[in-house]
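S.K.: Line order of the protein sequences matches chains A and B. The first sequence: position 539 = 536 (my numbering), numbered continuously. The second sequence: position 237 = 439 (my numbering), numbered continuously. First, the structure itself, so that you have it in front of you.
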Amino acid sequence: MTPLTWSIPVLLAGAAGALLFKVRVLRIASSLLSQAAATGLVLTTALPIALGGAPFSAQWPWPAPIGAIALHVDALGAFFLSWSLPLTLLGSVYAVGYLKPYFDKGRNPGPHFALLNLVSLSFVLIYSVQNALVFLLGWETAAVSAWLLVIWDYKNQKIRFAGFNYLVSTHVGLLVLVAAFTLLHSRTDSMSFDAFARFLAVQSPTRAVVFLLLGVSFALKSAFFPFHTWLPRAHSAAPAHVSALMSGVIHKAGLFGFLRFALMLGRPEEWMGWLTLGFGALSAFTGVMATTSQRDLKRLLGYSSTENVGIAAMGFGLGLLGWSWGLPQLSALGFAGGLFHVLNHALFKCLLFYAAGAIYKATHTVDLERMGGLAKKLPKTALLFLVGALAISALPPFNGFASELLVYSGLLSGKAPEPQGNGALVAAAAALAFVGAVSALSMTRAFGLAFLGTPRDASVHVSSGSPGPMTWPMVAHALGVMAVGFAPNVALKLVTSAAALFPVDDSAPTALSSVVPLNQALFAGLALVALVSVVRARSARKSVTWGCGYTAGTSRMQYTGSSFSEQFTRTFAPLMPSLRRERLPHGPFPKEPGHLATHFIDGVERRVFEALGRGEEFVSRAAGNVPEQPRIAFAAGVAMLVLVGALLAGGFP
Amino acid sequence: MRLVAQLATLVVMPLVLVGVVTRVKSLWSGRRGAPVLQPVFDVVRLFRKKPVVSHVSTPMFQAGPAVFLVTALVTALLAPSLGAPPLFSFGYDFVWLAYAWGLGRVALMLSALDTGSAFEGMGAAREAVFSSMLEPVLFLVVGGLSLAAGVHSLSEAVALPVHGGLGLLAWAGALVALVVVLTVETGRMPVDDPTTHLELTMVHEVMVLDHAGPELGMVQLGAALKLFTTASFLAALLNPFAAEAGLKGPLVNVGLLLGVAVAIGTVESLMARLKLRAVPRYIGLGLGSALVVALLGAWTHRGGA
Chain A
-2 MTPLTWSIPV LLAGAAGALL FKVRVLRIAS SLLSQAAATG LVLTTALPIA
48 LGGAPFSAQW PWPAPIGAIA LHVDALGAFF LSWSLPLTLL GSVYAVGYLK
98 PYFDKGRNPG PHFALLNLVS LSFVLIYSVQ NALVFLLGWE TAAVSAWLLV
148 IWDYKNQKIR FAGFNYLVST HVGLLVLVAA FTLLHSRTDS MSFDAFARFL
198 AVQSPTRAVV FLLLGVSFAL KSAFFPFHTW LPRAHSAAPA HVSALMSGVI
248 HKAGLFGFLR FALMLGRPEE WMGWLTLGFG ALSAFTGVMA TTSQRDLKRL
298 LGYSSTENVG IAAMGFGLGL LGWSWGLPQL SALGFAGGLF HVLNHALFKC
348 LLFYAAGAIY KATHTVDLER MGGLAKKLPK TALLFLVGAL AISALPPFNG
398 FASELLVYSG LLSGKAPEPQ GNGALVAAAA ALAFVGAVSA LSMTRAFGLA
448 FLGTPRDASV HVSSGSPGPM TWPMVAHALG VMAVGFAPNV ALKLVTSAAA
498 LFPVDDSAPT ALSSVVPLNQ ALFAGLALVA LVSVVRARSA RKSVTWGCGY
548 TAGTSRMQYT GSSFSEQFTR TFAPLMPSLR RERLPHGPFP KEPGHLATHF
598 IDGVERRVFE ALGRGEEFVS RAAGNVPEQP RIAFAAGVAM LVLVGALLAG
648 GFP
Chain B
203 MRLVAQLATL VVMPLVLVGV VTRVKSLWSG RRGAPVLQPV FDVVRLFRKK
253 PVVSHVSTPM FQAGPAVFLV TALVTALLAP SLGAPPLFSF GYDFVWLAYA
303 WGLGRVALML SALDTGSAFE GMGAAREAVF SSMLEPVLFL VVGGLSLAAG
353 VHSLSEAVAL PVHGGLGLLA WAGALVALVV VLTVETGRMP VDDPTTHLEL
403 TMVHEVMVLD HAGPELGMVQ LGAALKLFTT ASFLAALLNP FAAEAGLKGP
453 LVNVGLLLGV AVAIGTVESL MARLKLRAVP RYIGLGLGSA LVVALLGAWT
503 HRGGA
């Protein structure tokens, strides 16, 4: 047994302890300590590999049908392992504080913490095994644990619905993944990744089919547009730490899977790169558009996950293009940028979800329109949220900027062999710029509504700030965000070896080197400004907010979230489906009160249900059109046609 | 020598440009107007005042203008004030510039929202919308120019030598797009009227309704620096002698900087502000020209430079 394999029994034992111990403290301690031990064990193996050490391989004899489980941790798996487990541990620590009111009411913490252990366990499996069956086992463990974690508050019907929505979506993805693996198994007669790789490296039509199937499955896992519909519901229903872990850590497995199979595919065809880049850009665009109109803070953060995985996929698409064109510089910038963004997103997205959880715990609402002025009541949370919000908007000097700069450097390099290619890449850079600016709009809106101004709803009672177990994980994340921003070239070393599995050169560190001093100067400037502002705010003379001469202003007259995004949503109305119910007052002296309600809905979800409804109508109408007498013959004819078509498509045996 | 001259330009020009704009507007309206250095006196006066803040506000209110000033100052180092090269320049520096401006903008918007005033929220929302539409314009035009010239830094990209019909077209497109960038980023006509006194129609000014004393001074200084930065890119694009050695290039550049200020003043005297709903279309004009530049850049670029 090696340290890595030891982590599996340790995590299982911890889960068993969490379930079996009788005392609440012991249950929680069993989970946390086992996770800490497993994290240590995994890091002793993974960190050296991620930083450039030799990959780790082991064989684990196992009864049929698996034969032997081959473990192989290369730099890619090691990179994902080296932050997934520590961040899950932080999330579990946060859970202690976040769920304490439930535990105090007598709820058993055991199952929840045991599931968190299983999530960690699934990472060890997914990121290290070389066998499709065991990979699926890890995949399914993660999916089911995440589902059970989401429905923590299962007594609420809405939450159960969100949970089932997630469960169905993730299993549709699983089906597609199984289809891809079955297809590969039929061609290789093996379930080992080595055999898959040998088959995929050779050009064949199956290669393209496998690429598309895997792409859909991994896109569902990582909530790419248009496979994202489960995500806003699940994130809004789940406890904050579960949303954080799902968005920041668990669903990165989809991106890992994509890269794992991209490595197996070997040199890709050009369309694969364009497809990934375009798909990523579309996701980033639609995700960020949806963030501008959300009222629910956690839904907003959920959509922003769709945006950020899109940005990472843009990087990967660029990398694939560079690979197919034989340009190691583009591959370096694309893959390093994408991977770096995955890490950065994990850091700031968990921070934001934790801060949203802290808000929820203090106010019992996630509705932005009911918040306001929280910075005075929750100053620590405000500062931490601000750091996350600036980072997620990719503003320098924080970490999100560093990874996006790498992607930009690739997109704008003008390296594509054809003029059309260069034009498309510059257009993609412009799209990314739009996404960045809109994300800044959304985050300004979210922070401004929640923390600044005066409280909008007097019925929202703000209790005291968050307890230690909630604060410290947030502080740790914020420090991570700032450290990566302060020294992006050092943090990039975690990514370099993983990117070096692809044919790359050393452009990525070079592209970052010039901004390091600027970032550090900005950090110094920001720190100075923060200190001086706090001091000056104390001594400043106080007066009222300027109301243009109107002196009876109330907090209800503040700008609201809908009004903040009104101009944006009106400008982009065709892209932002909304439901509007209104009865406007009539005449100079309206007798009846009017009302207006706008509700921004998820376009894809809406269309899916519309299409289902129309489809049913269509089928019944079409069936009605067929005359009574030859209906059976007609049905037999259709069945025959399908059969012949299937035989033709599949090729005769 | 060049360094000293550039630093001197950086110190002197921003507020002088604002002064020139005001002076030109006075002349157009038939008045003699304040001295060109009046903005300097104004800023000094503001900095000597004591701050007044709203009861509602937090330290964010005072941090916002300071962050805005810091980002404006740092990005001004990238301005090719005497033609190329600027004090500081590196590959893809325009990405950094755009995002550092973004940081300053977000800081100012948060500072505005901190007062809990509906007017300032309105200004912040407008600023956020316009800037998000503007960002692609900046990236397309600079990306296209850098493709055409085979370079990667902003100051090199705008020093594009004009050659042939396609080059002229790209140059003209870049000019239009950069003018749009300048007017939106610095809140000038026809996007925003810096001298209007009706809160409902303002963009930049309404965000700082509550800022007084040093905070207002920082905002004005930052805005002047941003005007200087964008105007010097425009000047570098217009300067036919940017690449030449000797004094001619720098002197022409300074002259063009002042020319940009005169043009701004003239436009502001002769034109009314666009309706707010028409601003997206104006930015669309910039986007269209920037697209032309990007296409031409991709077309004329020889791969693998």
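Backbone N, C-alpha and C fix where the C-beta goes; we use that ideal spot for every residue, glycine too.
(1) CB-CB under 8 Å to Asp191 (chain A), same chain, minus the five flanking residues each way: which ones, in chain order?
(2) Check the C-beta distance from Tyr351 (chain A) over to Met467 (chain A) and give it rounded, since I have them as a contact under 8 Å.
(3) Taking Leu164 (chain A) as the reference, give the member of A:Lys152, A:Ala143, A:Asp150, A:Leu181 with the closest Cα.
(4) In angstroms, rounded to a whole number, what distance separates the CA positions of Val258 (chain B) and Phe382 (chain A)?
(5) How would you write the range of the beta strand (DSSP E) that Val254 (chain B) sits in, first residue to last?
(6) Which same chain residues end up closer than 8 Å to Met590 (chain A) when comparing Cβ atoms and leaving out the 5 residues on each side of it in sequence?
(7) Our contact map puts Leu348 (chain A) next to His474 (chain A) with C-beta atoms below 8 Å; I'd like the distance itself, whole angstroms only.
(8) Which residues in chain A have a C-beta closer than 8 Å to the C-beta of Val308 (chain B)? List them in chain order.
(9) Report, in whole angstroms, the separation of the C-beta atoms of Lys346 (chain A) and Ser290 (chain A), which I expect to be a contact under 8 Å.
(10) Measuring only between beta-carbons, confirm whether His503 (chain B) sits less than 8 Å from chain A.
(11) Assuming contact is defined by CB atoms lying nearer than 8 Å, are Leu365 (chain A) and Val459 (chain A) in contact in what I supplied?
(12) With DSSP as the reference, identify every bridge partner of Ala55 (chain A), one or two as the case may be.
(13) On the three-state DSSP scale, how would you describe Glu563 (chain A)?
(14) Is it true that the CB of Ala47 (chain A) sits closer than 8 Å to the CB of Ala72 (chain A)?
(15) Grab me the residues of Gly74 (chain A)'s own chain with a C-beta within less than 6 Å of its C-beta, minus the 5 sequence neighbours each way, in chain order.
(16) Check the Cβ of Gln291 (chain A) against every Cβ in chain B and list those closer than 8 Å, keeping chain order.
(17) So that I know if they touch, is there some Cβ in chain B lying closer than 8 Å to that of Gln517 (chain A)?
(18) Nearest CA to the CA of Pro166 (chain A): which residue from A:Ser406, A:Pro223, A:His182?
(19) Are the stretch 369 to 389 of chain B and the stretch 490 to 505 of chain B in contact at 8 Å, needing three or more beta carbon pairs?
(20) Quick one: any contact between the stretch 432 to 443 of chain A and the stretch 279 to 295 of chain A, if contact means 3 or more CB pairs under 8 Å?
(21) Which of helix, strand or coil does DSSP assign to Leu493 (chain B)?
(22) Run down chain B in chain order and give the residues with a C-beta less than 7 Å from the C-beta of Leu523 (chain A).
(23) Skipping 5 residues on each side, what residues in its chain have a beta carbon closer than 7 Å to that of Val508 (chain B)?
(24) Rounded to whole angstroms, what is the Cα-Cα separation between Ala433 (chain B) and Ala376 (chain B)?
(25) Quick check: the stretch 252 to 261 of chain A against the stretch 205 to 213 of chain A, are at least 3 beta-carbon pairs closer than 8 Å?
(26) Could you name the residues that DSSP lists as bridge partners for Phe597 (chain A)?
(27) How long is the line joining the alpha carbons of Tyr300 (chain A) and Ser313 (chain B), rounded to whole angstroms?
(28) Whole angstroms is fine: what's the gap from Gly522 (chain A)'s alpha carbon to Val272 (chain B)'s?
(29) Below 8 Å between beta carbons: does that hold for Pro236 (chain A) and Leu96 (chain A)?
(30) Quick check: what's the CA-CA separation for Leu274 (chain A) versus Pro396 (chain B)?
(31) Starting from the Cα of Pro392 (chain B), find the closest Cα among B:Gly461, B:Gly467, B:Leu418, B:Glu358 and give me that residue.
(32) Compare the C-beta of Arg483 (chain B) against all C-beta atoms of chain A and say whether one is closer than 8 Å.
(33) Any idea what DSSP makes of Asp150 (chain A), helix, strand or coil?
(34) Please confirm whether any heavy atom of the ligand COA lies closer than 7 Å to the CB of Leu115 (chain A).
(35) Gly433 (chain A) CB to nearest chain B CB: under 8 Å?
(36) Where do the ends of the beta strand (DSSP E) carrying Ser540 (chain A) lie?
M.R.: By the coordinates alone:
(1) Working through the first sequence from its first residue, we reach residue 191 (chain A) at position 194. Contacts found: Ala67, Gln127.
(2) Against the first sequence, residue 351 (chain A) aligns to sequence position 354. Against the first sequence, residue 467 (chain A) aligns to sequence position 470. Contact flag correct, Cβ pair sits at about 7 Å.
(3) The residue labelled residue 164 (chain A) in the question sits at position 167 within the first sequence. Put simply, of A:Lys152, A:Ala143, A:Asp150, A:Leu181 the residue whose alpha carbon is nearest the alpha carbon of Leu164 (chain A) is A:Ala143.
(4) As a working mapping, residue 258 (chain B) is identified with position 56 in the second sequence. As a working mapping, residue 382 (chain A) is identified with position 385 in the first sequence. Rounded to the nearest angstrom, the two C-alpha atoms are 19 Å apart.
(5) Counted from its first residue, the second sequence places residue 254 (chain B) at position 52. Per DSSP, Val254 (chain B) belongs to the beta strand (DSSP E) from 254 to 256.
(6) Sequence index remark: in the first sequence, residue 590 (chain A) carries index 593 (1-based). Sequence inspection shows Pro at residue 590 (chain A); the Met mentioned does not correspond to that position. Contacts found: Pro582.
(7) By one-based count along the first sequence, residue 348 (chain A) stands at place 351. By one-based count along the first sequence, residue 474 (chain A) stands at place 477. Yes, they are in contact, since the Cβ atoms of Leu348 (chain A) and His474 (chain A) sit about 4 Å apart, within 8 Å.
(8) Locating residue 308 (chain B) in the second sequence gives position 106, counting from the first residue. Simply Leu387, Ser390, Leu392, Ala437, Met440, Thr441.
(9) Taking the first sequence and counting its residues from 1, one reaches residue 346 (chain A) at position 349. Taking the first sequence and counting its residues from 1, one reaches residue 290 (chain A) at position 293. The pair is not a contact, with the Cβ atoms about 20 Å apart (cut-off 8 Å).
(10) For the purposes of this step, residue 503 (chain B) is taken as the residue at position 301 of the second sequence. Yes, His503 (chain B) lies at the interface with chain A (some Cβ there is under 8 Å from its Cβ).
(11) Position 368 of the first sequence holds residue 365 (chain A). Position 462 of the first sequence holds residue 459 (chain A). Taking 8 Å as the Cβ cut-off, Leu365 (chain A) and Val459 (chain A) do not qualify as a contacting pair.
(12) Residue numbering aside, residue 55 (chain A) sits at position 58 when the first sequence is read from its first letter. According to DSSP, which records beta bridges pairwise, Ala55 (chain A) is partnered with A:Leu68.
(13) Within the first sequence, numbered from 1, the residue matching residue 563 (chain A) stands at position 566. In this structure, Glu563 (chain A) counts as helix in the three-state DSSP scheme.
(14) On the first sequence, residue 72 (chain A) is found 75 positions in, with the first residue counted as 1. On the first sequence, residue 47 (chain A) is found 50 positions in, with the first residue counted as 1. Contact flag set, yes.
(15) Locating residue 74 (chain A) in the first sequence gives position 77, where the first residue counts as 1. Closer than 6 Å at Cβ, skipping near neighbours: Tyr124, Ser125.
(16) As a working mapping, residue 291 (chain A) is identified with position 294 in the first sequence. Going along chain B, no residue has its Cβ under 8 Å from Gln291 (chain A), so there is no contact; the nearest lies around 15 Å.
(17) In the first sequence, residue 517 (chain A) corresponds to position 520, counting from 1. Chain B contact via Cβ: absent.
(18) To locate residue 166 (chain A), count along the first sequence from 1; it is residue 169. Here the sequence assigns Ser to residue 166 (chain A), which means Pro is not the residue at that position. The shortest C-alpha separation from Ser166 (chain A) is found at A:Pro223.
(19) yes
(20) yes
(21) Taking the first residue of the second sequence as position 1, residue 493 (chain B) is located at position 291. It is helical.
(22) Numbered from 1 along the first sequence, position 526 holds the residue referred to as residue 523 (chain A). Going along chain B in sequence order, the residues near Leu523 (chain A) (Cβ under 7 Å) are Val269.
(23) In the structure as shown, chain B starts at 203 and stops at 507, and residue 508 (chain B) therefore has no counterpart that could be examined.
(24) Within the second sequence, the letter at position 231 stands for residue 433 (chain B). Within the second sequence, the letter at position 174 stands for residue 376 (chain B). The alpha-carbon atoms of Ala433 (chain B) and Ala376 (chain B) are separated by roughly 13 Å.
(25) yes
(26) The count along the first sequence starts at 1 and reaches residue 597 (chain A) at position 600. In DSSP, Phe597 (chain A) forms a bridge with A:Ser575.
(27) Translated into positions along the first sequence, residue 300 (chain A) becomes position 303. Translated into positions along the second sequence, residue 313 (chain B) becomes position 111. So the two alpha carbons sit approximately 26 Å from each other.
(28) Here residue 522 (chain A) refers to the residue found at position 525 of the first sequence. Here residue 272 (chain B) refers to the residue found at position 70 of the second sequence. The straight-line gap from Cα to Cα measures roughly 7 Å.
(29) For the purposes of this step, residue 236 (chain A) is identified with residue 239 of the first sequence, where counting begins at 1. For the purposes of this step, residue 96 (chain A) is identified with residue 99 of the first sequence, where counting begins at 1. Yes, they are a contact pair.
(30) Here residue 274 (chain A) corresponds to residue number 277 of the first sequence, with the count starting at 1. Here residue 396 (chain B) corresponds to residue number 194 of the second sequence, with the count starting at 1. Approximately 41 Å between the Cα atoms of the pair.
(31) Walking along the second sequence from the start, residue 392 (chain B) turns up at place 190. Each of B:Gly461, B:Gly467, B:Leu418, B:Glu358 was checked against the Cα of Pro392 (chain B), and the nearest Cα belongs to B:Gly467.
(32) What you label residue 483 (chain B) is simply residue 281 of the second sequence in a count that begins at 1. No, no contact with chain A.
(33) Counting from 1 along the first sequence, the entry for residue 150 (chain A) is found at position 153. Here Asp150 (chain A) sits in helix by DSSP.
(34) Absence of the ligand COA from the depicted structure is noted, as is the absence of any ligand whatsoever, leaving it without description.
(35) Position 436 of the first sequence, counting from 1, holds the residue named residue 433 (chain A). Cβ-Cβ to chain B under 8 Å: yes for Gly433 (chain A).
(36) The residue given as residue 540 (chain A) occupies position 543 in the first sequence. Here the beta strand (DSSP E) through Ser540 (chain A) covers 538 to 540.
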